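In this note's numbering, the protein residues as written are 171 to 295.
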């Protein structure tokens, strides 16, 4: 938990819960048909990073940004809001999260990214 009483998305236990939830989610499954995407998150306050890999077989994750097509980066408060279920696209529009890397791949997978990040409001440890 962070000081704002939300789960820290960069915590390995939270990431594991997130990938389990995403792998079992029907909306993620529909959006991941033929998907082969590896994306990342980067906290500019702490320097923490993580990756999420989405394929038809499921969702995996781990620390770092190796091999990501793009990543979203921003300050801790943006990730706190993301963890509470605030839509990632609003955080991007408000310039609280920035897309770094292959913007085209991000736009092509916008709905898949939404499907993944909307689950953060339902994370429990």
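All C-beta atoms, glycine included, are put in the ideal place defined by N, C-alpha and C. As the structure is a computational prediction, the values presented were derived from the model and not from experiment.
- Residues of the same chain with a CB within less than 8 Å of the CB of residue 204, apart from the 5 flanking positions on each side, are 226 in chain order.
- Of all alpha-carbon atoms in 284, 258, 241, the one lying nearest the alpha-carbon of residue 208 is that of 241.
- Taking residue 183 as the centre and dropping the five residues before and after it, the same chain places the C-beta of 295 closer than 7 Å to its C-beta, in chain order.
- Nearest C-alpha to residue 263 among 278, 244, 253: 244.
- Assigned with DSSP and collapsed to three states, residue 269 falls in strand.
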